[in-house]
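Novice:
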Amino acid sequence: MSLPEHIILFDGVCNFCDNSVQWIIRRDKNQKFYFASLQSETGQELLRWHQIDTQQVDSVVYVRNQHAYVKSTAALNVLKDLGKGWSLFYALIVFPVSVRDFFYDQFAKRRYLLFGKKAECMIPTKEQRSRFL
């Protein structure tokens, strides 16, 4: 299976995750990023391929050049690859992954409470469909 170089896997029923995908699409002028929900067949296949335990990661996975990043490392790499001023956030990578992921996990545990949850995955617009796997 031939896949794009930059794939973001996201929780398709999470309102925060959906809004984050829309936010990235608006800023990704070069259309570098492609998307798949964790719940989709493609998402599940990529998780299996990269041996990612869905019990440990249920929010964001970033696959770049066939290497998978999870949690805070995924988010920081997305911002870095988004470019412009957003790449400045990548400086947070200097903090130990255990510290970064502690805060990431605290937010991820509360994202449904804070932002809500959908009954099903988002449906991309006609213009966005080519960016979803």
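Going by the working numbering, the residue at position 114 of the sequence shown is 114; the numbering climbs one at a time, nothing skipped.
Built from N, CA and C at the ideal position, the CB exists for glycine as well.
Report the rounded CA-to-CA distance for Q106 versus V13, giving the unit in angstroms.
Specialist: If you take the alpha carbons of Q106 and V13, they lie about 18 Å apart.
Novice: Identify whether F102 lies in helix, strand or coil by the three-state DSSP scheme.
Specialist: In this structure, F102 counts as helix in the three-state DSSP scheme.
Novice: Is it true that the CB of L76 sits closer than 8 Å to the CB of A36?
Specialist: Cβ distance not < 8 Å, so A36 and L76 don't count as in contact.
Novice: Give the secondary structure of K109 by DSSP, where H, G and I count as helix, E and B as strand, and everything else as coil.
Specialist: Three-state result, K109: helix.
Novice: Would you please state the rounded distance, in angstroms, between the beta carbons of V97 and T73? I believe it to be under 8 Å.
Specialist: 6 Å between Cβ atoms; contact.
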